[in-house]
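K.L.:
Number of protein chains: 2
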Amino acid sequence: MSVDDKGKKELPPLKVAIAGLGTVGVGVLRVLTEQADLISERAGRPIQVVAVSARNAQADRGVDLAPFRWFDDATVMAREADADVVVELIGGAEGVARKVCETALDSGRHVVTANKALLAHHVISLAEKAEVAGLGLFYEAAVAGGIPIIKALREGLAANRVRSVKGILNGTCNYILTTMRETGREFSDVLIEAQELGYAEADPSFDIDGVDAAHKIALLASLAFGEQVDFDSIVIQGIRHVTALDITFATELGYRVKLIAHTERFDGCVETRVEPVLVPVSAPLSHVEGVYNAVLVEGDLVGTSLYVGRGAGAGPTASSVVADLIDIARGRFTPVFGVPSGDLSASVLCENSAPDRGERYYVRLMVTDRPGVFADIAAALRDEAVSMESIIQHGRNPGETVALVMVLHDTPEDAVTRAVRRIGSLHEIVEPPRVMRIGRF
Amino acid sequence: MSVDDKGKKELPPLKVAIAGLGTVGVGVLRVLTEQADLISERAGRPIQVVAVSARNAQADRGVDLAPFRWFDDATVMAREADADVVVELIGGAEGVARKVCETALDSGRHVVTANKALLAHHVISLAEKAEVAGLGLFYEAAVAGGIPIIKALREGLAANRVRSVKGILNGTCNYILTTMRETGREFSDVLIEAQELGYAEADPSFDIDGVDAAHKIALLASLAFGEQVDFDSIVIQGIRHVTALDITFATELGYRVKLIAHTERFDGCVETRVEPVLVPVSAPLSHVEGVYNAVLVEGDLVGTSLYVGRGAGAGPTASSVVADLIDIARGRFTPVFGVPSGDLSASVLCENSAPDRGERYYVRLMVTDRPGVFADIAAALRDEAVSMESIIQHGRNPGETVALVMVLHDTPEDAVTRAVRRIGSLHEIVEPPRVMRIGRF
Numbered sequence: 001m002s003v004d005d006k007g008k009k010e011l012p013p014l015k016v017a018i019a020g021l022g023t024v025g026v027g028v029l030r031v032l033t034e035q036a037d038l039i040s041e042r043a044g045r046p047i048q049v050v051a052v053s054a055r056n057a058q059a060d061r062g063v064d065l066a067p068f069r070w071f072d073d074a075t076v077m078a079r080e081a082d083a084d085v086v087v088e089l090i091g092g093a094e095g096v097a098r099k100v101c102e103t104a105l106d107s108g109r110h111v112v113t114a115n116k117a118l119l120a121h122h123v124i125s126l127a128e129k130a131e132v133a134g135l136g137l138f139y140e141a142a143v144a145g146g147i148p149i150i151k152a153l154r155e156g157l158a159a160n161r162v163r164s165v166k167g168i169l170n171g172t173c174n175y176i177l178t179t180m181r182e183t184g185r186e187f188s189d190v191l192i193e194a195q196e197l198g199y200a201e202a203d204p205s206f207d208i209d210g211v212d213a214a215h216k217i218a219l220l221a222s223l224a225f226g227e228q229v230d231f232d233s234i235v236i237q238g239i240r241h242v243t244a245l246d247i248t249f250a251t252e253l254g255y256r257v258k259l260i261a262h263t264e265r266f267d268g269c270v271e272t273r274v275e276p277v278l279v280p281v282s283a284p285l286s287h288v289e290g291v292y293n294a295v296l297v298e299g300d301l302v303g304t305s306l307y308v309g310r311g312a313g314a315g316p317t318a319s320s321v322v323a324d325l326i327d328i329a330r331g332r333f334t335p336v337f338g339v340p341s342g343d344l345s346a347s348v349l350c351e352n353s354a355p356d357r358g359e360r361y362y363v364r365l366m367v368t369d370r371p372g373v374f375a376d377i378a379a380a381l382r383d384e385a386v387s388m389e390s391i392i393q394h395g396r397n398p399g400e401t402v403a404l405v406m407v408l409h410d411t412p413e414d415a416v417t418r419a420v421r422r423i424g425s426l427h428e429i430v431e432p433p434r435v436m437r438i439g440r441f
Numbered sequence: 001m002s003v004d005d006k007g008k009k010e011l012p013p014l015k016v017a018i019a020g021l022g023t024v025g026v027g028v029l030r031v032l033t034e035q036a037d038l039i040s041e042r043a044g045r046p047i048q049v050v051a052v053s054a055r056n057a058q059a060d061r062g063v064d065l066a067p068f069r070w071f072d073d074a075t076v077m078a079r080e081a082d083a084d085v086v087v088e089l090i091g092g093a094e095g096v097a098r099k100v101c102e103t104a105l106d107s108g109r110h111v112v113t114a115n116k117a118l119l120a121h122h123v124i125s126l127a128e129k130a131e132v133a134g135l136g137l138f139y140e141a142a143v144a145g146g147i148p149i150i151k152a153l154r155e156g157l158a159a160n161r162v163r164s165v166k167g168i169l170n171g172t173c174n175y176i177l178t179t180m181r182e183t184g185r186e187f188s189d190v191l192i193e194a195q196e197l198g199y200a201e202a203d204p205s206f207d208i209d210g211v212d213a214a215h216k217i218a219l220l221a222s223l224a225f226g227e228q229v230d231f232d233s234i235v236i237q238g239i240r241h242v243t244a245l246d247i248t249f250a251t252e253l254g255y256r257v258k259l260i261a262h263t264e265r266f267d268g269c270v271e272t273r274v275e276p277v278l279v280p281v282s283a284p285l286s287h288v289e290g291v292y293n294a295v296l297v298e299g300d301l302v303g304t305s306l307y308v309g310r311g312a313g314a315g316p317t318a319s320s321v322v323a324d325l326i327d328i329a330r331g332r333f334t335p336v337f338g339v340p341s342g343d344l345s346a347s348v349l350c351e352n353s354a355p356d357r358g359e360r361y362y363v364r365l366m367v368t369d370r371p372g373v374f375a376d377i378a379a380a381l382r383d384e385a386v387s388m389e390s391i392i393q394h395g396r397n398p399g400e401t402v403a404l405v406m407v408l409h410d411t412p413e414d415a416v417t418r419a420v421r422r423i424g425s426l427h428e429i430v431e432p433p434r435v436m437r438i439g440r441f
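As given, the protein sequences belong to chains A and B, one line each in that order. The opening residue of the first sequence carries number 1 in full-length UniProt numbering; numbering runs sequentially from there. The opening residue of the second sequence carries number 1 in full-length UniProt numbering; numbering runs sequentially from there.
1. I believe Ala329/B touches Ile47/B by the beta-carbon criterion, under 8 Å. Please report the beta-carbon distance rounded to the nearest angstrom.
2. Is it buried or exposed, Thr304/B, if we count other Cβ atoms within 10 angstroms and call 16 or more buried?
3. Using beta carbons (cut-off 8 Å, strictly below), is Val288/B in contact with chain A?
4. Measuring alpha carbon to alpha carbon, tell me which of Ala312/A, Ala323/A, Arg440/A ends up nearest Val291/A.
5. For chain A, is any of its Cβ atoms less than 8 Å away from the one on Gly439/B?
6. Do the CB positions of Pro276/B and Val308/B come within less than 8 Å of each other?
7. Note down, in chain order, all residues in the segment 143 to 165 of chain A with a beta-carbon under 7 Å from any beta-carbon belonging to chain B.
8. Tell me which same chain residues have a C-beta within less than 8 Å of the C-beta of Arg240/B, skipping the five on either side of it?
9. Below 8 Å, can you find three or more Cβ-Cβ pairs linking the segment 433 to 441 of chain B to the segment 376 to 387 of chain B?
10. Applying a beta-carbon distance threshold of less than 9 Å, which residues of chain A neighbour Asp343/B?
11. For the alpha helix (DSSP H) that Gln195/B lies in, which residues bound it at each end?
12. Specify the secondary structure class of Ile328/A as computed by DSSP and reduced to three states.
13. Can you check whether the CB of Ala74/A is closer than 8 Å to the CB of Val96/A?
14. Check this for me: beta carbons of Ala142/B and Lys116/B, under 8 Å apart or not?
15. Show which residues of chain B have a CB atom less than 8 Å away from the CB atom of Val339/A.
16. Apart from the five residues on each side of it in sequence, which residues of its chain come closer than 6 Å, Cβ to Cβ, to Val274/B?
17. Among Arg421/A, Phe337/A, Cys350/A, which one has its Cα closest to the Cα of Glu128/A?
18. Between Asp327/A and chain B, is the shortest Cβ-Cβ distance under 8 Å, so that the two count as touching?
19. Would you decide whether Asp203/A is buried or exposed? Buried here means 16 or more other CB atoms lie within 10 Å of its CB.
20. Please determine, among Pro316/B, Lys258/B, Glu80/B, the residue with the shortest C-alpha to C-alpha distance to Ala144/B.
21. Check Arg30/B in the structure and name its three-state DSSP category.
22. Considering only their Cβ atoms, is the gap separating Val86/A from Leu325/A smaller than 8 Å?
23. Beta-carbon of Glu38/B versus every beta-carbon of chain A: anything under 8 Å?
24. Excluding five sequence neighbours on each side, which residues of the same chain lie with their C-beta closer than 6 Å to the C-beta of Ala346/A?
25. Name the residue from Gly299/A, His287/A, His409/A whose alpha carbon lies nearest to the alpha carbon of Glu264/A.
26. Residues in the same chain with beta-carbon distance under 6 Å from Ala130/B, minus the five sequence neighbours each way, listed in chain order, please.
27. Okay, do the segment 177 to 191 of chain A and the segment 266 to 273 of chain A touch, 3+ Cβ pairs below 8 Å being the bar?
28. Between the segment 415 to 431 of chain A and the segment 16 to 24 of chain B, do at least 3 Cβ pairs fall closer than 8 Å?
29. Measuring straight from C-alpha to C-alpha, what distance separates Asp246/A and Leu157/A?
30. What is the DSSP secondary structure of Tyr139/A, counted as helix, strand or coil?
31. Give me the residue from Val123/A, Leu278/A, Gly372/A with the minimum Cα distance to Ser341/A.
32. With DSSP collapsed to three states, give me the class of Ser222/B.
33. Is Val76/B closer than 8 Å to Leu29/B when the C-beta atoms are compared?
34. So for Ala346/B, helix, strand or coil by DSSP?
35. Between which two residues does the alpha helix (DSSP H) holding His262/B run?
36. Assuming Leu285/A and Arg360/A form a contact by the criterion Cβ under 8 Å, report the distance between their Cβ atoms to the nearest whole angstrom.
Right under this line is the structure:
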C-alpha cells in the first residue's frame, strides 16, 4: 500500500474571523489569500477567512473585503460569526480587545492574538477560560514578531528547566540605540527621525520607557518558569537617559548598549527587569542591530541558545499569526504556558537584586577637574567595599567639566547604589551619575 | 466552573524503548528519569522508558538499567517491546539503525531519531512508511542538537516560502576554525588537540570534510522547500585546506572563516553546497564560535531569522529527543516535511552555480616576488572580465615567495574559476591558489 492508495479524508476548512484591519490585520489577510495553496498544504486543510471587523468600514486598505462578512462590532463578530478561530489584532490591554478575546472563548472559538499588553495583564484569566472550554489561546505574534520564540519555549525547549531569558524585545529602542552608535547623534534627535520613518509612535513612551519590552518579558517569564509573574513587580528603565557620550565610552570599552529585558530564576525567587545594559561585542547578541529582536534562553540541558529576527512589521507578525492558525488547523494544541494554568505557582520576587552575586557596572561621572576630587571618589568606593576594574578619562581640563568613566566589578547592586549616591553628592560632580549594568552573555 | 472543578482525564503513560546507550542514549534516559515530574507536566502524562537495547549489556553506564526490559537485539526490541515509541540513537546510514527504524514503523510505533546520516539517505522511504501507518517520525536531534530548528522550519515558519537556509552545522569544524583564529595555529595541530579533547573523532573525515554538514543541510533543504534534495548532488568542500594564513588575512579584511552549509532556491532550481566561507564580522553569524551551531533562515514573510545553540553533546541532544517525545505525548503531529511526502517534488539542481549572480571571492596566491608578475595576474583577470575590489600584499621579498590576497567582486563563479586556473598556471605562482566565497549575510 502506498500513500497514494490511501483514501485521503478531506478535512473541512478552518474558518477564521479577523478583528482589526491595521497593517498586521491586512498582512494576515493577504498571506491567507495569496499563499492559500502553500498554507493549506502545510495546514492539512484550507484556512478560510469568513468574517472581518474594524473601526472604519470605508477605509481603503488595498484588499478586497467583499468575500468576508463585515461586522462593525468586533465583539459581536466574536460571538456570532461562523468561525472556528478569532484573530485579535486590535491591541490594548483593556476595552474592545479584551472583550473580543473573552467573548470568543466564551463562544467556543479558539483565539489567536498579537496583543502583548492584554496578555501581560490578563493572560491567566484568559488561559483559564481557554482550558475550561478546551480551546486554544495562541500568541506567537505577541513577542518578537518574526521569531517563533513562544513555540521554542513552550515546545522546542520543553524538556529544559529554564534558568534565564534575556532579550532585545523592542525594535524601536534597538533602532534608536543602533543609530545613535552609528551616527554619534543624541537620543532626542534620533527619536524624531525614527518617528518620521514610522519606527516610533507619535507618543513613543510605551516603547522608549521600556513598558512594551516589560509586557513581553512578563509573558516569556511565565512561560519559561511556569510561574505567574506580576507585571507590576518588574523594574523598568527605558533608554531616554542614554547619551551619545555613554555609547562612545561603551564602544571604547568593547561594548554595545542594548535595552535588555531580563528574567532569571534563582533559588526560590525570580528577578525580572528591563534596562539599558552594556553587551560585550564578542557576544552575538551585541550584533543584533536596528529593528531586529533577539531572545537568549539558558536551559539546563541546552545551555545557551539564541533566537534572532525582525520584531515587528506586517510580514513577520503575519508569519506568526498564520503559524498559529496552522497549528490549530493541524490540531497541535499546547496549554497556554506549556503546563495547565492551574499548575502555575505565584512567582516569588527576589527581595534584593542579586544580593549575593557580584556584577559589573559602568558608571559615568561629569566631574569638575580639580585636584583631590578623585581621592574623594576613591574613598567612597573603598568605604562601600566596591572594586574598580578600570577607569577612563580623556585629557585634562582644569577647572572645567570632564567625563570620568569607571568599570566596577564583583559588586552587589546595593553597594554600587550607596557608593554612587555618595559620589553624586560630592560638590565636584555636576550631573547625576549614570549607571548601567554590564551584562554577562 | 473553574479549571479545578473539571475532572481531569488521566492519560496513560507514553511508553518508550531506547535503542543505543551511548552518551546521548544515557543522556535521554537520565533526563526522563531525573526530570520526570517536569516532563510529565509538560507532556500532559508520564513518559516512561520500558525497554533498552545496546551492544554491550555489561558496560557500566552510571545508570540503573534494571527497571527496563533489556534486548540484545535492537530490531527485536523495535518489533516486540511494549512501547509506543522507539528512540533510535545507534547512528549510521545503513545496518542496524535503518532496520530498527523500519521495523518500529512497520510494527506501529512512532520513531524518534537523531540519525542525520540515515535520514539524509532514506528519509523519503521512512516518511512514506510513517504516513501510511499514521505514525510520527521525529528528528529534531538530527540537526543542530540544542536548536529546535526542525520545529521552527516545520511549524514556526510554516507560513513562509523559504528562500534560503545557511548554517554552521558542524561543531567540530567550528571549534577547529575558532581555535585556529584565536591561537594562530595550523589546522593539523588544532585537529589533534580537538581529538584529544573529544571534540573530533579518531577518524575525523566525516566532520572535517563536510559530509556531516551536508547530511544536515540536505534534510533542512527538503524541509524548507518541500522538495527531495538528492544528497549526492551536494557540492561538498571541507576545512582541511584552510590555513592559518588565510584566517589571518580574513581577519584583516573584516571576516571570519566558517564552514557554511548553504541551500538556496532560485527560479526553478535549488543550489546546495558545503564550503568554507568568509563571513563579515558585522553579521551575528560570524560570532557563533567554538562548538556552537547556527542556522540562518530567509523567508518571504519573516525576512532573515537566526537560531544559535550548541550542536551536540548529551544535554542538547537529549533536549531535542525529549521535546519530540513530549510532542508525541501531547498528540502534536506534523508530516515529516511539514507537507505529505507524496507532495514533495524532486529538486532541480541549478546547472551552474549562481550563473547570473555576481558574488565576491577571496583569492590567496603564493607568488615569487619578481617584476612583472602582477601584470600577468591582472591580465588574466581582465581577460575573464573579473573585477578586483582590493588587494593585500605585506612587504616585499624580491625573488622569494610572498602571499598576495585579492578580493574579487561582482563575479560569476565560472569566470573566477577560469581566471584562477589561468593565474595558477603562471610560473611565479608556487602553490595552488586558494579560493573562498565571501558570504552575504
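Note that beta-carbon positions come from the ideal geometry of N, C-alpha and C, so glycine has one too. Because the structure is a prediction, the values reported are computed rather than measured.
P.N.:
If we stick to the structure as given:
1. Position 329 of the second sequence, counting from 1, holds the residue named residue 329/B. Position 47 of the second sequence, counting from 1, holds the residue named residue 47/B. That pair is a contact at about 6 Å.
2. As a working note, residue 304/B is residue 304 in the second sequence. By the 10 Å Cβ count, Thr304/B comes out buried.
3. Here residue 288/B corresponds to residue number 288 of the second sequence, with the count starting at 1. Interface residue, yes.
4. Locating residue 291/A in the first sequence gives position 291, counting from the first residue. Considering only alpha carbons, the answer is Ala312/A.
5. Counting from 1 along the second sequence, the entry for residue 439/B is found at position 439. With 8 Å as the cut-off, Gly439/B does not count as an interface residue toward chain A.
6. For this step, residue 276/B is matched to residue 276 along the second sequence. For this step, residue 308/B is matched to residue 308 along the second sequence. No, the Cβ-Cβ distance between Pro276/B and Val308/B is not below 8 Å.
7. Gly146, Ile147, Pro148, Lys151, Ala152, Glu155, Gly156, Leu157, Ala158, Ala159, Asn160, Arg161
8. Working through the second sequence from its first residue, we reach residue 240/B at position 240. Here the set comprises Phe187, Ile208, Asp209.
9. no
10. The sequence position of residue 343/B within the second sequence is 343, counting from 1. Within chain A, the residues near Asp343/B are Glu41.
11. Translated into positions along the second sequence, residue 195/B becomes position 195. First-last of the alpha helix (DSSP H) with Gln195/B: 187 to 197.
12. Taking the first sequence and counting its residues from 1, the one referred to as residue 328/A is at position 328. In this structure, Ile328/A counts as helix in the three-state DSSP scheme.
13. Position 96 of the first sequence, counted from the start, is the residue given in the question as residue 96/A. Position 74 of the first sequence, counted from the start, is the residue given in the question as residue 74/A. Contact flag set, yes.
14. The residue given as residue 142/B occupies position 142 in the second sequence. The residue given as residue 116/B occupies position 116 in the second sequence. It is a contact, given that the beta carbons lie within the stated cut-off.
15. Indexing the first sequence from 1 puts residue 339/A at position 339. Simply Glu41, Arg42.
16. On the second sequence, residue 274/B is found 274 positions in, with the first residue counted as 1. Correct list, in chain order: Gly210, Ala213, Ala214, Ile236, Ala261.
17. Here residue 128/A is taken as the residue at index 128 of the first sequence, counted from 1. Nearest of Arg421/A, Phe337/A, Cys350/A to Glu128/A, Cα basis: Phe337/A.
18. Position 327 of the first sequence holds residue 327/A. Closer than 8 Å: yes.
19. Locating residue 203/A in the first sequence gives position 203, where the first residue counts as 1. So Asp203/A ends up on the exposed side.
20. Locating residue 144/B in the second sequence gives position 144, where the first residue counts as 1. When only C-alpha atoms are compared, the closest one is Pro316/B.
21. By one-based count along the second sequence, residue 30/B stands at place 30. Looking at Arg30/B - three-state DSSP - the assignment turns out to be helix.
22. Translated into positions along the first sequence, residue 325/A becomes position 325. Translated into positions along the first sequence, residue 86/A becomes position 86. Their beta carbons are not under 8 Å apart, which means Leu325/A does not touch Val86/A by this criterion.
23. Here residue 38/B is taken as the residue at index 38 of the second sequence, counted from 1. Here the sequence assigns Leu to residue 38/B, which means Glu is not the residue at that position. Yes, Leu38/B lies at the interface with chain A (some Cβ there is under 8 Å from its Cβ).
24. Working through the first sequence from its first residue, we reach residue 346/A at position 346. For Ala346/A, where only same-chain residues beyond five positions count, the Cβ hits under 6 Å are Gln228.
25. Taking the first residue of the first sequence as position 1, residue 264/A is located at position 264. Looking at the Cα atoms, Gly299/A is the closest of the given residues.
26. Against the second sequence, residue 130/B aligns to sequence position 130. So the qualifying residues of the chain are Leu105, Leu137.
27. no
28. no
29. As a first step, residue 246/A is located in the first sequence; it is residue number 246 there, counting from the start. As a first step, residue 157/A is located in the first sequence; it is residue number 157 there, counting from the start. Using only the alpha carbons, I get a separation of about 37 Å.
30. Numbered from its first residue, the first sequence carries residue 139/A at position 139. In the structure shown, Tyr139/A sits in coil (DSSP, three-state: anything other than H, G, I, E or B).
31. Position 341 of the first sequence, counted from the first residue, corresponds to residue 341/A. The shortest Cα separation from Ser341/A among Val123/A, Leu278/A, Gly372/A belongs to Val123/A.
32. The count along the second sequence starts at 1 and reaches residue 222/B at position 222. In the structure shown, Ser222/B sits in a helix (DSSP, three-state: H, G or I).
33. As a working note, residue 29/B is residue 29 in the second sequence. As a working note, residue 76/B is residue 76 in the second sequence. No, the Cβ-Cβ distance between Leu29/B and Val76/B is not below 8 Å.
34. Position 346 of the second sequence, counted from the first residue, corresponds to residue 346/B. Reduced to three states, the DSSP call for Ala346/B is strand.
35. Taking the second sequence and counting its residues from 1, one reaches residue 262/B at position 262. Looking at the DSSP string, His262/B is not in any alpha helix (DSSP H); the run it does join, the beta strand (DSSP E), is 255 to 266.
36. As a first step, residue 285/A is located in the first sequence; it is residue number 285 there, counting from the start. As a first step, residue 360/A is located in the first sequence; it is residue number 360 there, counting from the start. Not quite, the Cβ-Cβ distance comes to about 16 Å (not below 8 Å), so this is no contact.
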